[in-house]
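**Student:**
In the working numbering, the protein residues as written are 517 to 1479.
Structure (structure tokens):
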């Protein structure tokens, strides 16, 4: 044998892998006591090659009896004898195999450098030629070294961060396998004494649920340290794209625009007509919108400020200026005073999440250097189409009663048709699955009171056009000449609905928006002003085709209220900001300091409910104008620092609340405003049960079960009061010393509609006809939900067939593999909860006076970012798509009901519905004919045919009474 090969291969003997040497390198430190070496009884455990001895133990079918008298066999016996857990034993063996292979790779490489071919190398090493090629395969070598590279990277990270999360699925953050991650962590423990500790903590948005974490710490870190969640950092900002060879950052702190490249177009210069629009010079590498023509973006400026708005390209920017920001602010302010302050959060400097994919981008500068672009997208062209297409009561209740009856009637007919389809299913498990979802959707429909969408109704983001008439709009998603009613939320009334005619020939619009846009609409500043003073920074409007020839939809639009003409909340209630010696801001108006708003959502909810109640009950135009003026101030008060309290006094809002809501502090008065109103109930626990008369005599009061309540409708949900709902507090009378004990009950939030069995209980004393229409709709939804739950109780179980399982063995295996892959996300979600919790706690510590609205926002942002970090997969990307053969296996009973439920809960909804629901037949059922007739009130025959997938002749025949 060649001397080089002999030298290297000899290193593979007992010297290289003696038990003591191996454990000195990889075994767990004896000080921990968790992995004692040499606790077995084999006579050869202190000599020879580690892997060779393991292989010999396996060959001899080694057994081991522990101190409790339990006999172990196989690898478990070997692991126990050496003091390992089974998982650590697998890890040690894997590391040893890598080391053994590393020596062989070194020998093969040395022989290759000597000029030997694969055949000769194999002969000298005593292995076949294919094995030699495998040893010389660079990719295979990289995989072999991945654990070491990962260990080196983790060591670098933990040395810098002190504590890092390495819990379940943390390997996905680095794009390495779980096995390689385990090996890397084991190396760090064995070689450097690094600590790994674990614990459980409450979830960020659901404190009743716990999440488990695993933390890698520098040597000497006590277990208690990991309870300081804010100090446990993540590796989620890094990822490997080359199998662990190198690691790079995933999220990058935004680059900053030099303010010398920025121009402000102030109100006096026409900026008020494009308020919120960001205009970019074309073909500037660091200011690219990519494939989009418009996007909602954030751009950092001078490292301390940022611009927020809709970005488009412009061709009239002055020389030296690459960005122009349009604002309604006065030119009395400096350039930077018109911009927003960067947040002190390094992970979220804009207070908004940047798009996960395509939010940031890289480009190569003129010197060939890779750099991060200045554009940070939150949303881009095509993404405004995802808005919900139902019709909110906030709008419909202010229209005429006939239109409301039509759309709510269609919604009821749609639900009845869906129920009919579900009841026709023959697989009981699938039927129960859809009935449960149907019942929940009906419960939700009763609370939210949303009607069926109108034909052609869609949401669009608004962009400003200076050359467009106030009577027209550019909307390439609609045909030229189409009349559109524009509605913005929160919606004050019919006086806030401009009706415009589509003009798709406007040159300015074509250049800015393009001819193929499906989710943008160009309008003038005056039209935007009528839409509750909308800005062009990403505000959206609901577009409804109306007054078309042959169309059946006519949206009521009344002239703008006279008292609102020329009213600008910013000009009327804006103030002057003066900073004191400590840098704290104070706002003054007419020489008086005023308090800033801190709870926009709460105040906006109050005034919106008041306007809704006033509209239904019949307020005068003057009264409505007062309320709407105040709403316009409220919606912008926190954002633009307006004096909303003075607006409340000037418009005498208290008097309006007394007159239309019965009390000075206000409060929802009609069913429209009361439905979603908060309602406190005793704290509940467990899954609610269905109220069934058949359970009347099965109650077990001793166990506290509630199975039947004769005062409730059959099919209603019954909740169990939480065991810890009641608690006691003691009070001591300071004067007498008397101690009294008071029992209190913990509460949780629900809604008024969810807690009533009859929607009529929420109708005001005025009993406006529109209220009765909505009450009838809500009760119809509640009734359908109850019927669905009763049907669930009457539906049996799927008949599981072993014969079918055997026949469809391949399909069952495929389904289980898909299920396993889909359910992996639950583990990633647990890791995301821990990361989010730490992030939230850190922010609350820094800002203990954070408002409830901001806490909610911070929690949502933290959880969204954490899900991104841990690789939590979007539902649509992990959904199970069931094949025809797999569906056949399911229908034959090849999988159990329990497994099938899990499969259904992780299936692609569209694919599942296509397979599960009955195929349409040429003969229409009575329920479907009823649905078609309900739709005919708002839809043309062609529109109904297109929406339901039937021919126009079938629809026409159904409407004429045929089948």
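The beta-carbon is built from N, C-alpha and C at its ideal position, and this holds for glycine as well. Since the structure is predicted, the reported quantities are computational estimates derived from the model, not experimental observations.
Hey, residue 919 and residue 1013: beta-carbon distance below 9 angstroms or not?
**Tutor:** Counted from its first residue, the chain shown places residue 919 at position 403. Counted from its first residue, the chain shown places residue 1013 at position 497. No, they are not a contact pair.
**Student:** Quick one: Cα of residue 886 to Cα of residue 878, how far?
**Tutor:** Counted from its first residue, the chain shown places residue 886 at position 370. Counted from its first residue, the chain shown places residue 878 at position 362. The alpha-carbon atoms of residue 886 and residue 878 are separated by roughly 7 angstroms.
**Student:** What residues in its chain sit with their C-beta under 8 angstroms from that of residue 772, if we drop five residues either side in the sequence?
**Tutor:** On the chain shown, position 256 is the one that residue 772 refers to. The answer, listed in chain order, is 816, 817, 818, 819, 890.
**Student:** Measuring CB to CB, does residue 1457 end up less than 9 angstroms from residue 1445?
**Tutor:** Numbered from 1 along the chain shown, position 941 holds the residue referred to as residue 1457. Numbered from 1 along the chain shown, position 929 holds the residue referred to as residue 1445. No, the pair does not count as a contact, with Cβ atoms beyond the cut-off.
**Student:** Compute the Euclidean distance between the alpha carbons of residue 1207 and residue 1270, then round it to the nearest angstrom.
**Tutor:** Residue 1207 sits at position 691 when you count from the first residue of the chain shown. Residue 1270 sits at position 754 when you count from the first residue of the chain shown. Going by the C-alpha atoms only, they are around 15 angstroms apart.
**Student:** Taking the alpha-carbon of residue 1331 as reference, which of 1259, 1374, 1404 has the nearest alpha-carbon?
**Tutor:** Counting from 1 along the chain shown, the entry for residue 1331 is found at position 815. Of 1259, 1374, 1404, the residue nearest in Cα terms is 1404.
**Student:** Pick from 1400, 937, 1255, 839: whose alpha carbon is nearest that of residue 1442?
**Tutor:** Mapped onto the chain shown, residue 1442 falls at position 926. Residue 937 is the option with its Cα nearest to residue 1442.
**Student:** Measure the alpha-carbon distance for residue 1467 versus residue 1033 and round it to whole angstroms.
**Tutor:** Here residue 1467 is taken as the residue at index 951 of the chain shown, counted from 1. Here residue 1033 is taken as the residue at index 517 of the chain shown, counted from 1. Straight-line Cα distance between these residues: approximately 29 angstroms.
**Student:** Within 10 Å of its beta-carbon, does residue 803 have 16 or more other beta-carbons around it, so buried, or fewer, so exposed?
**Tutor:** For the purposes of this step, residue 803 is taken as the residue at position 287 of the chain shown. Residue 803 should be labelled buried.
**Student:** I need the DSSP call for residue 866, collapsed to helix, strand or coil.
**Tutor:** Within the chain shown, numbered from 1, the residue matching residue 866 stands at position 350. In this structure, residue 866 counts as coil in the three-state DSSP scheme.
**Student:** For residue 1229, which of 909, 830, 1306, 1176 has the nearest alpha-carbon?
**Tutor:** If you number the chain shown from 1, residue 1229 lands on position 713. The residue with the shortest Cα to Cα distance from residue 1229 is 1306.
**Student:** What are the boundary residues of the beta strand (DSSP E) that residue 1263 is part of?
**Tutor:** Here the question's residue 1263 lines up with position 747 in the chain shown. Segment 1263 to 1267, the beta strand (DSSP E) holding residue 1263.
**Student:** Kindly indicate which three-state DSSP category residue 1064 falls into: helix, strand or coil?
**Tutor:** To locate residue 1064, count along the chain shown from 1; it is residue 548. Reduced to three states, the DSSP call for residue 1064 is coil.
**Student:** Looking at the secondary structure, which residues open and close the alpha helix (DSSP H) in which residue 598 lies?
**Tutor:** Mapped onto the chain shown, residue 598 falls at position 82. It spans 590 to 598 - the alpha helix (DSSP H) in which residue 598 sits, taken as one unbroken run.
**Student:** Could you tell me which of 1210, 624, 661 sits nearest to residue 645, measuring between CA atoms?
**Tutor:** In the chain shown, counting from the first residue as 1, residue 645 sits at position 129. Out of 1210, 624, 661, 624 has the C-alpha closest to the C-alpha of residue 645.
**Student:** Could you tell me which residues DSSP puts in a beta bridge with residue 711?
**Tutor:** Sequence index remark: in the chain shown, residue 711 carries index 195 (1-based). For residue 711, which the question treats as bridged, DSSP gives the partners 733.
**Student:** Between the Cα of residue 577 and the Cα atoms of 616, 590, 1134, 569, which residue gives the shortest distance?
**Tutor:** Residue 577 sits at position 61 when you count from the first residue of the chain shown. The candidate whose alpha carbon is nearest that of residue 577 is 590.
**Student:** Count the C-beta pairs between the stretch 1393 to 1403 and the stretch 1304 to 1322 that are closer than 8 angstroms, then say yes if the count reaches three, no if not.
**Tutor:** No, they do not touch.
**Student:** Please state whether DSSP places residue 1168 in a helix, a strand or coil.
**Tutor:** The sequence position of residue 1168 within the chain shown is 652, counting from 1. Looking at residue 1168 - three-state DSSP - the assignment turns out to be coil, as it is neither helix nor strand.
**Student:** Go ahead and label residue 604 buried or exposed: buried means 16 or more other beta carbons lie within 10 angstroms of its beta carbon, across all protein chains shown.
**Tutor:** Within the chain shown, the letter at position 88 stands for residue 604. Buried, since its Cβ has 16 or more Cβ neighbours within 10 Å.
**Student:** To test your reading of the DSSP string, which unbroken beta strand (DSSP E) runs of 3 or more residues are found completely within the stretch 806 to 845?
**Tutor:** Entirely contained in the stretch 806 to 845, the beta strand (DSSP E) runs reaching 3 residues are, in chain order, 810 to 817, 821 to 830, 839 to 842.
**Student:** Counting pairs of beta carbons, one from the stretch 786 to 796 and one from the stretch 841 to 848, are three or more of them closer than 8 angstroms?
**Tutor:** Enough Cβ pairs lie closer than 8 angstroms, so yes.
**Student:** Let me know if residue 1081 comes out buried or exposed under the rule of 16 or more other beta-carbons within 10 Å of its beta-carbon.
**Tutor:** Along the chain shown, one-based indexing puts residue 1081 at 565. By the neighbour-count rule (16 or more Cβ atoms within 10 Å), residue 1081 is not buried but exposed.
**Student:** Check residue 977 in the structure and name its three-state DSSP category.
**Tutor:** On the chain shown, residue 977 is found 461 positions in, with the first residue counted as 1. Looking at residue 977 - three-state DSSP - the assignment turns out to be strand.
**Student:** Would you identify the three-state DSSP class for residue 1083, choosing helix, strand or coil?
**Tutor:** Here residue 1083 refers to the residue found at position 567 of the chain shown. In the structure shown, residue 1083 sits in coil (DSSP, three-state: anything other than H, G, I, E or B).
**Student:** Return the Cβ separation of residue 1298 and residue 1273 in integer angstroms, given the expectation that the two are a contact with Cβ distance under 8 angstroms.
**Tutor:** As a first step, residue 1298 must be located in the chain shown, where it is residue number 782. As a first step, residue 1273 must be located in the chain shown, where it is residue number 757. Right, their Cβ atoms sit about 7 angstroms apart.
**Student:** Could you name the residues of the same chain whose beta carbon sits closer than 6 angstroms to that of residue 749, not counting the 5 residues immediately before and after it, in chain order?
**Tutor:** As a working mapping, residue 749 is identified with position 233 in the chain shown. Counting only Cβ-Cβ distances below 6 angstroms, and skipping sequence neighbours, we find 677, 680.
**Student:** Which residues in the same chain have their Cβ closer than 6 angstroms to the Cβ of residue 859, if we skip the five residues on either side of it in sequence?
**Tutor:** Numbered from its first residue, the chain shown carries residue 859 at position 343. Taken in chain order, the residues that qualify are 865, 867.
**Student:** Where residue 713 and residue 693 are concerned, what is the direct C-alpha to C-alpha distance, given to the nearest angstrom?
**Tutor:** By one-based count along the chain shown, residue 713 stands at place 197. By one-based count along the chain shown, residue 693 stands at place 177. So the alpha carbons of these two residues sit roughly 21 angstroms apart.
**Student:** Which residues does DSSP pair with residue 694 in a beta bridge?
**Tutor:** In the chain shown, residue 694 corresponds to position 178, counting from 1. Bridge partners of residue 694: none, in fact.
**Student:** Just to confirm my understanding: we take residue 1244, look at its own chain, exclude 5 residues before and 5 after, and list those with CB closer than 6 angstroms. What are they?
**Tutor:** As a position in the chain shown, residue 1244 is number 728, starting the count at 1. So the qualifying residues of the chain are 1257, 1259.
**Student:** Quick one: measure Cβ to Cβ for residue 913 and residue 666, integer angstroms, because I've assumed they're closer than 8 angstroms.
**Tutor:** Working through the chain shown from its first residue, we reach residue 913 at position 397. Working through the chain shown from its first residue, we reach residue 666 at position 150. With a Cβ gap of about 59 angstroms, residue 913 and residue 666 do not count as contacting.
**Student:** Could you say which of 1452, 1459, 1276, 1425 lies nearest to residue 946 if we only look at CA atoms?
**Tutor:** For the purposes of this step, residue 946 is taken as residue 430 along the chain shown, with counting starting at 1. Per the Cα distances, 1425.
**Student:** Taking 7 angstroms as the limit between beta carbons, can you name the residues of its chain near residue 1431, skipping five residues before and five after?
**Tutor:** Translated into the one-based positions of the chain shown, residue 1431 becomes position 915. 1398, 1403.
**Student:** Compare the Cα-Cα distances from residue 1119 to each of 1073, 574, 1181 and report the closest residue.
**Tutor:** The residue given as residue 1119 occupies position 603 in the chain shown. Looking at the Cα atoms, 1181 is the closest of the given residues.
**Student:** Taking the alpha-carbon positions, what's the residue 738 to residue 1335 distance?
**Tutor:** Stepping through the chain shown from its first residue, residue 738 is reached at position 222. Stepping through the chain shown from its first residue, residue 1335 is reached at position 819. Distance between the alpha carbons of residue 738 and residue 1335 is about 39 angstroms.
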